[in-house]
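In our numbering, the protein residues as written are 123 to 280. Just below is one structure, and these are the notes that go with it.
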């Protein structure tokens, strides 16, 4: 029987590795690493958020461009990214990705013995790109996937 882990501090590199694994396993998308390319000025941004409670509580937030979410949808559903269904399903694809990612992070950082309740993921459109400099108290990573920026922050609370 695996003991319950009680990780409250996490590492951005480990977060990036888990995000990359889930993107690859779920949607066949490969991250280009933490490159520091130029953030698209005219991009429409989506922010996803999901939380959990149990022996510890936490919140996962992901930020991506709508173009990233459309590509995610296309890969999940086996569509061409130019199809209307891919564009229409972008928010749902982000919610599904957030749900899978959060569940996987919980087991990686807290083990499999404890029970956690996960909220329904929310996705909203943002007017501006995320500002990782304001995330000093969270574990976070920035990846480039399919030529698009993807930001993720994860905060664990006791």
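Positions of the beta carbon are idealized from the N, C-alpha and C atoms, including for glycine.
Exercise. What number of angstroms, rounded off, separates the C-alpha of residue 161 from the C-alpha of residue 199?
Worked result: Position 39 of the chain shown, counted from the start, is the residue given in the question as residue 161. Position 77 of the chain shown, counted from the start, is the residue given in the question as residue 199. So the two alpha carbons sit approximately 27 Å from each other.
Exercise. With a cut-off of 8 Å, do at least 3 Cβ pairs link the stretch 131-148 to the stretch 204-217?
Worked result: Taking 8 Å as the limit for Cβ pairs, the verdict is that the stretch 204-217 does not touch the stretch 131-148.
Problem set entry | Residues near residue 182 by beta carbon distance below 6 Å, same chain, minus five either side | What you label residue 182 is simply residue 60 of the chain shown in a count that begins at 1. Excluding five sequence positions before and after residue 182, the CB atoms of its chain that fall closer than 6 Å to its own CB belong to 172, 224, 276, given in chain order.
For this session: Report, in whole angstroms, the separation of the C-beta atoms of residue 229 and residue 211, which I expect to be a contact under 8 Å.
Result: Along the chain shown, one-based indexing puts residue 229 at 107. Along the chain shown, one-based indexing puts residue 211 at 89. About 27 Å; that fails the 8 Å criterion.
Exercise. Residues in its own chain within less than 7 Å of residue 254 by CB, not counting five upstream and five downstream?
Worked result: Your numbering for residue 254 matches position 132 in the chain shown. Sequence-distant partners of residue 254 (beyond 5 residues in either direction) whose C-beta falls short of 7 Å from its own C-beta, in its chain, are 262, 264, 273.
For this session: With DSSP as the reference, please indicate the residues paired to residue 267 in a beta bridge.
Result: The count along the chain shown starts at 1 and reaches residue 267 at position 145. Under DSSP, residue 267 shares a beta bridge with 153, 270.
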